[in-house]
Structures are given as C-alpha cells and as structure tokens.
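Asker:
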Amino acid sequence: MVTGGIGEPVERREDVRFVRGLGRYTDDIAASMPGALHMAVVRSPHASARIISIDAEAGRLAPGVRAVLTRDEMAAQDFHPLPVRMRRERREGEASFVPPYMPLAVDAVRHVGDAVAVVVADTLNQARDAAERIDVVYEPTDCVTQLDIAVSPQSPRVWACEPDNICFDQRWGDAAACDAAFASASHVVSERFVISRVATNSLEPRTAVGDYDRMTQRYTLHAGLQSPHEMRDDIATVFRLPPDRFRLVSPDVGGAFGLKGSLHPELVLVLWASRQTGRPVRHVCERSEAFLSDHQSRDHVSDVSLALDASGKFLGLRVSTLANLGAYVASDGLHSPTNNIGGLAGQYTTPAFDVRVQGVFTHTLPTCPYRGAGRPEASFCIEQIIDKSARQLGMDRAEIRRMNMIPPQALPFKTPLVFTYDSGEFESVLDKGLAAADWSGFESRRSAAKARGLLRGIGIACVIEVAGGPHGRPFEESAEIRFDATGRAKILAGSHSQGQGHETVFVQMAREILGVPADDVQIVYGDTDVVAHGRGTFGSRTMMAFGAAFTSAARKIIDKGRIIAAHLLEAPEQSLVFGDGHFSVRGTNRHISLTDVARAAFATTRMPHGLEIGLCERAIVALEKPTFPNGCHICEVEIDPLTGLTDIVAYTVVDDVGTVMNPMLVNGQIHGGIAQGIGQVLSEQIIYGDDGQIVTGSFMDYAMPRADGLPAMQVRSHPVPTATNPLGVKGAGEAGTVGSLPATMSAIQDAIMPEGVDRIDMPATPLAIWKALRIVREKSGRGRI
241 MVTGGIGEPV ERREDVRFVR GLGRYTDDIA ASMPGALHMA VVRSPHASAR IISIDAEAGR
301 LAPGVRAVLT RDEMAAQDFH PLPVRMRRER REGEASFVPP YMPLAVDAVR HVGDAVAVVV
361 ADTLNQARDA AERIDVVYEP TDCVTQLDIA VSPQSPRVWA CEPDNICFDQ RWGDAAACDA
421 AFASASHVVS ERFVISRVAT NSLEPRTAVG DYDRMTQRYT LHAGLQSPHE MRDDIATVFR
481 LPPDRFRLVS PDVGGAFGLK GSLHPELVLV LWASRQTGRP VRHVCERSEA FLSDHQSRDH
541 VSDVSLALDA SGKFLGLRVS TLANLGAYVA SDGLHSPTNN IGGLAGQYTT PAFDVRVQGV
601 FTHTLPTCPY RGAGRPEASF CIEQIIDKSA RQLGMDRAEI RRMNMIPPQA LPFKTPLVFT
661 YDSGEFESVL DKGLAAADWS GFESRRSAAK ARGLLRGIGI ACVIEVAGGP HGRPFEESAE
721 IRFDATGRAK ILAGSHSQGQ GHETVFVQMA REILGVPADD VQIVYGDTDV VAHGRGTFGS
781 RTMMAFGAAF TSAARKIIDK GRIIAAHLLE APEQSLVFGD GHFSVRGTNR HISLTDVARA
841 AFATTRMPHG LEIGLCERAI VALEKPTFPN GCHICEVEID PLTGLTDIVA YTVVDDVGTV
901 MNPMLVNGQI HGGIAQGIGQ VLSEQIIYGD DGQIVTGSFM DYAMPRADGL PAMQVRSHPV
961 PTATNPLGVK GAGEAGTVGS LPATMSAIQD AIMPEGVDRI DMPATPLAIW KALRIVREKS
1021 GRGRI
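So, in structure tokens, the structure goes:
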C-alpha cells in the first residue's frame, strides 16, 4: 500500500489554507470584483396577503441606486418558475399540484419574507435605505402555519386555485397484508411523533455574485453550492435559455447540509440584476435575513402503530405522515418526505407495512433536504415506537431489537418497503455498541445519579439508511484525470466539497490507485466551464459515486500507461505489472514510474507510433445499486429535575460505513452529524405564530447547540465492505444525524418516564422537561418541583 493511501488517518490538507485565512469563498470573490454592486431584497411582512400596488419611484431616486426590480419588470422577462426536480401524485392518481415559484412575488405573498422587489446600489447601506422607500400596499388575508389546521377543510387555502392544501398523497407497502398482521397481533402499540422544523444555519450563509458579459451574452454565477451543474441547468430553465449560456463557479463552501442544493430566488435575481445594470451584483444573506428566506427543513407529524405477537416479534407497521412543504415546493422539496421512506423498515424483518405520506402547503418557508433528508425522520419513528413497545411488553430495549434483526445469512434482504439491503452484520454492530457503552452496567449509574438528585437515562437506536441513491437508479458521477508534461496530475471532480475533506481523500485515492505523490496532485471542482459534467455532493454519495468514476478513469490511465511503458521498456505489454506507482517487467528489476510515463506521453519521439499524445482519461459512471450504511447509537443523559436541563454524559456509536477511506475524516463526519441531531432534539425549532410571523428569528430565540453541551464521543467502526462499488464504501456523511435523533430522545424518555412522564416532543428544552415533570408531580400529589 502506498503511504497515505486508502484507510490511513491522513490529516486534511485543505485545512492549511483555511486556518491561515486563505480560503476562497464567494464573498472573497465579490470583494475582488471592481465595481460590484450590492443587492437588497424587499420582503413581505405578511404571511398571506394580496399585493395591491408597488410604488418603487422613491427607491429609484435614492442615492447610489442603479436599479429597482419588481413584478412589473419581471413580467417583461418571461421567467419560468423555479423548477421542481421530482413529482408526486395525489391519491386519485393525478399529478401533484406544483405552484409557480417565481423569483419575485406576482399577485400575492405567501410567507413572511417572500421576495417582492430588489434594489441594486453602489453600497449595501444605500441598497437597504432605498429598499425601505419602496411602498408596497398589501391586503392581508387569513394564513395557516400548522399542519393539523392546514389539512382541515375549513383552513385558509395557500393556493386559492386548489380545493385544499394537499400537494400530494401517496402510499407504500401492502395495506391488506398490514391489516391482516394487525388483526392477528397480540399487541398493538401506537404513538404520534412530532419532528420539529429546523433551520440549517451553515457557518457560511448563502452568498451569490452574478456577472453578465454583454459581449458573450453569458451569465456567470459565483455561489456556494452543492451541485453546480444541476443548478446551472435549473437556472437556465428559469431564464428559458440553453445551459451553455451560464457558468457556475462554486469555490470553497462553508457548509451546506442540503440547503445549498436548493435553488433560491436570489441566485436568479443577482444574474438578472447584473444584466440590467451591466455590473457584477452581489448578495449576502445575513442571519437576520436567512431566517426569513432560507429554505427550512423537517416539520413532520407521524402517527405510528406497531403490531407485535406475544413474544415481541414485529408483525406490521403503519405510518401516516403529514409533511409540511411550506408555501412553495423547493427544488427537492418532495424528496425528503418520500424518497427515504424505506428507512422505516429499519434493520428488522417486519413482514408488512402500510405507509401514507401527505405533503401539505402552509404559509411558511419552503422545506428542503437537511442532513439526512428523510432518513432521521424515518429512523426516529421506527426506533421510538420500538422503545415504547419494549416498555409496554416489559422487554429490554436492546433485546427486542436483537430478536427482530435481519440475520447475516438472510442478506441480501428485500424489505417489504422499497429497499433491498446487500450487506451488513447488524447484530454484531449491536453487540459492539452494547459492550462499548456498558449497557448492562447502566442501572448502577442510574442509581448513583439518583443519589445526586439527577435523573439518568440511556437511549439506543439501531439505524440503517440509503446512500448514493436514488434507490431505483443511482445518479451518475464524473471524474477526469489529466497529467501534464511535468508528470503532475490534475483530478477534475463532478462532486463538490462543502467541508467534508474531499481534497484529502481524493489525493489518498490517487496515491493508493495510481501511486502519484500527494504534492503532485491538484484537485479541481465547482466550475461548470472547467469540469465537463457532475452531479455534485448530497445523500452521502461522493465516495461511492465519484470513487467509482475515479477508479474507472484510473484504470484507463493505467491501461494507456502500460502501452507507453512497454514501449519505453522494450517489453511486451502482457509482461508488465502495475503497483506502487510503477510499471515493472515481471521477473526483472526493470521498471518505470507512472510520473515518467506521463512525461514521456507528451514527447512525440518517445511515444509509440499512432498513439494519441498525452495522458488524460475521463469516466462517467452510474452504479446499479445504492448502499446502506448502518449503525448502533447509544446515548446517556442526566437531567436536573429542578431546572429541566439535560446533560449528555456519554455517547457511543458503532457504524458500518463499508470501507473506511480515512478514519479521521469519517469520525469527524459522524461527530458533526451527531451534533446536528442532538441540536434538534434539545433546542432547535423554528416556531411560527398564528399570524405567520417567525417567532424564532435570531440566535437569541433559535437555540443552536454549543460545544460545551456535547460530550466526548466514542466512535467505533465495524466495516462490512459492499460489493456494489469498486471501493466497497457505504457513505458516512449523514450517519451521525440519522442515529442521534432517535438515540438522544430515547435517552431523555428513559430518564423522565420513571417519574411518570409518558412522552415529550422535540425539542426537549429545559422548560419543556421541567413543565412535564412538574405536571406529573402535582397530579401525583408529590408537590411542585
């Protein structure tokens, strides 16, 4: 193995520039553009209102203003609505209603923060001042923000042209088989689970710089994105122009998590404004604006019922989910509630399912994927209902999972709900997790905590997710390897990095497969004019999708290199073997490095006759199947009943992510994912008032997790490589969140249920826990806390 290759804990090489302040983000590019203008967006203060009139004259006359754009100017552009990347159906089989999502509101506004107009000026303060001078007359109308109200026939309609607020209504599974399972069950356990709405809040907010070139009539967009090529095509659709009229450049990105894969109106608006003004136009979505304009996530209510026989074997699962889509359908707004629904099957042999999901419109911001994109929600429902079942049946929560787990000999296993698992050792992962967390010794720790006046709980979740999909037909990915005349290699990746460490791992792959020294490798991504094709980074796909493409391109490099090496070594091609970056003549000490072969490939006199000059190969590969990362998460908490404050005192996770490319980076990804799941369980929640106003509109009200609220995490690996891709990887980017959501809530429930609290919804804030404990103590006559 080449030193620093696959499987080694190589330190992130990109961090050298980041910690020195040498990262190049979108706003760095904007700052270096002479004459760049600033854009401010006029946003609706109402959740639902008709736009009576817009008087922009005072704004146009304000100092420094270069343009004001409203619905009147937009009417002349003939923009197409922002496209939606997938469709769903209603129960009757008709296509789901997808409303027009325009860059600016036309006849009405449908959520607080809806974009009504934009002002472009020489400075940001001038743009903001002028925006305040634009007079918009609204006629407020009734609004609805809550799911249970939105589905009522009496609810205000978000779209008056529709009979109700239901966008789609779809079912999966076998209702008849599930009915039979429930009819024969000895036990039926039911519960309603609320998955709170959250905001992404990546370290780098959304940014964009539009630059229109009048000579070439091409648009260039600089923005932090996850899928530049896909976004280019979407934006071209809005402008009704060919994609080759657009160039998207996505430099360093400070976190994305699904948000930056969603087309927001500002990406279109900066390009349009640049064309109107003849100057580059920049927009930075600062935090106060982000809470009014960033697409948000989650926001589900699920009624879940599990049927079991007398011994605790699972017979059937029913789930009915209401998923809040917001006022419009975001690019992938129909993805999260539906495409990962197969995760409800978990790691278990449950024979029957009946699953229904309804997408619901409300007067709120659109929802889009967020780390896990439906996987944490599905895992939360199945794992929480298993916990409740174990308690009702008087069983150990780990053992009820064990007795229902898919055994290794049953793999590949086709679940009755969408997915077919190819590999895994679920019980072994469970056993490792239980041992590492000292599950059997927990009661002594609970007793010790009780003596200190604290409530201690332990939670468990055995989860599985799909990665590198979609399930039926995984998306393709592109890789290109270009050697230059000096022997240095440039890797052009269709995938994009938003902080995961791709540059480091891609270099490890080059060292492992091609033997190229790390200092001789350059990684390029995020520019649609330079990288010919790409799908981008989402769904924990890069290592399997790009890895397969890179492996294919590397084989082509080796095959061509062998021909050149044979010519240079004057040996038959079939006698050459390749390893550790060298071609060697079998049975001799004669060899030549791939670097020297690459140099020779640019020298006509050294090349075999008739062979194309240079050493450059590309591959675009679509795998036949996705993968299924899985793991066991165990969380321990202590709760102070006097304050309701939860302290996470231990967190253990054992994950099977297939081949571990770089254990240091995998652990970092899992740590980050766990933190995001814990944040949602303990504190994060977007709250709308009855009038549609966002109550949690800043970090004073929207409580992000803090470093001092997280424990040292014990992360262990149980790799079971998959045969579905050349590297045997399964994906790790979202695994932490998928498991931490149910495991953390499981621990909290375990701590407070002995006190008489039946259930608590997320976020389990100190106030919510304190109130729940106080209510049960008063009812039981034990007095107030």
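In the numbering used here, the protein residues as written are 241 to 1025.
For every residue, glycine included, the Cβ atom is placed at its ideal position computed from N, Cα and C.
(1) Please list the terminal residues of the continuous alpha helix (DSSP H) segment that includes H831.
(2) How would you label D572, buried or exposed, when you count the other beta carbons within 10 angstroms and need 16 or more for buried?
(3) Look at the Cβ atom of P340, then the Cβ atom of P323, and state whether they are nearer than 8 angstroms.
(4) Are the CB atoms of S718 and A794 within a distance shorter than 8 angstroms?
(5) Hey, would you say L695 sits closer than 8 angstroms to P881, going by beta carbons?
(6) Can you grab the Cα-Cα spacing for the pair C608 / G801, in whole Å?
(7) Considering only the beta carbon of each residue, do V282 and I389 sit closer than 8 angstroms?
(8) In three-state DSSP terms, what is T477?
(9) Fully enclosed by the segment 685–767, which alpha helix (DSSP H) runs are 4 residues long or longer?
(10) DSSP puts W412 in a beta bridge; with which residues?
(11) If you follow the alpha helix (DSSP H) that R802 is in, where does it begin and where does it stop?
(12) If you follow the alpha helix (DSSP H) that H911 is part of, which residue opens it and which one closes it?
(13) Identify, in the order they occur along the chain, each residue of the same chain with its Cβ nearer than 8 angstroms to the Cβ of A425, setting aside the five sequence neighbours on each side.
(14) Can you name the start and end residues of the beta strand (DSSP E) that G299 belongs to?
(15) Does K672 pass the burial test, meaning 16 or more other C-beta atoms within 10 Å, or should it be called exposed?
(16) Helix, strand or coil for R826, going by three-state DSSP, please let me know.
(17) In terms of residues, what are the limits of the beta strand (DSSP E) holding V434?
(18) So, V359 versus A367, is the Cβ gap smaller than 8 angstroms?
(19) Near V256, what residues of its chain come up, given a Cβ to Cβ distance below 6 angstroms and the 5 sequence neighbours on each side ignored?
(20) Any contact of the segment 432–447 with the segment 648–657, i.e. 3+ C-beta pairs under 8 angstroms?
(21) Given a cut-off of 8 angstroms on the beta-carbon distance, is the pair I832 and F823 in contact?
(22) Using the rule of at least 16 other Cβ atoms within 10 Å of the residue's Cβ for burial, across every protein chain shown, is V935 buried or exposed?
(23) Report the option in P1003, G871, I879 whose CA atom is closest to the CA atom of E893.
(24) Alpha carbons only, please: which of D267, R264, A276, S288 is nearest the one belonging to G929?
(25) Taking only the alpha-carbon atoms, compute the straight-line gap between V242 and T835 and give it to the nearest angstrom.
(26) Taking all protein chains shown into account, do 16 or more other C-beta atoms lie within 10 angstroms of the C-beta of P982, making it buried, or fewer, making it exposed?
(27) Drop a sphere of 10 angstroms on the beta-carbon of M953, count the other beta-carbons inside from all chains shown, and report buried for 16 or more, exposed for fewer.
(28) Assuming W1010 and T886 form a contact by the criterion Cβ under 8 angstroms, report the distance between their Cβ atoms to the nearest whole angstrom.
(29) Reducing DSSP to helix, strand and coil, say where V259 ends up.
(30) Give the DSSP-derived three-state secondary structure of V559 in the structure shown.
(31) Taking C-beta to C-beta, are V521 and V544 nearer than 8 angstroms?
(32) Tell me whether E878 sits in a helix, a strand or coil according to DSSP, three-state version.
(33) Three or more beta-carbon pairs under 8 angstroms between the segment 959–974 and the segment 698–717, yes or no?
(34) Suppose the cutoff is 7 angstroms on Cβ atoms and the five residues either side in sequence are ignored; what does the same chain contact list for T477 look like?
(35) Pair every Cβ in the segment 488–501 with every Cβ in the segment 730–742, then say whether three or more of these pairs are closer than 8 angstroms.
(36) Do you know how far the Cα of A733 is from the Cα of E720?
Answerer: Walking through what the data contain:
(1) Note, H831: premise wrong, no alpha helix (DSSP H); beta strand (DSSP E) at 831–833.
(2) buried
(3) no
(4) no
(5) yes
(6) 45 angstroms
(7) no
(8) helix
(9) 742–753
(10) V595
(11) 782–809
(12) 903–922
(13) A547, L548, D549, L555, G556
(14) Note, G299: premise wrong, no beta strand (DSSP E); alpha helix (DSSP H) at 297–300.
(15) buried
(16) coil
(17) 427–438
(18) yes
(19) none
(20) no
(21) yes
(22) exposed
(23) The sequence given here places Val at residue 893; Glu does not occur at that position. Of the candidates P1003, G871, I879, the one whose C-alpha sits nearest the C-alpha of V893 is G871.
(24) S288
(25) With a pLDDT of 41 at V242, under the threshold of 50, the predicted position of this residue should be treated as unreliable, and no value is reported.
(26) buried
(27) buried
(28) Between T886 and W1010 the Cβ distance is about 11 angstroms, and since that is not below 8 angstroms, they are no contact.
(29) helix
(30) strand
(31) no
(32) strand
(33) yes
(34) H320, P323
(35) yes
(36) 7 angstroms
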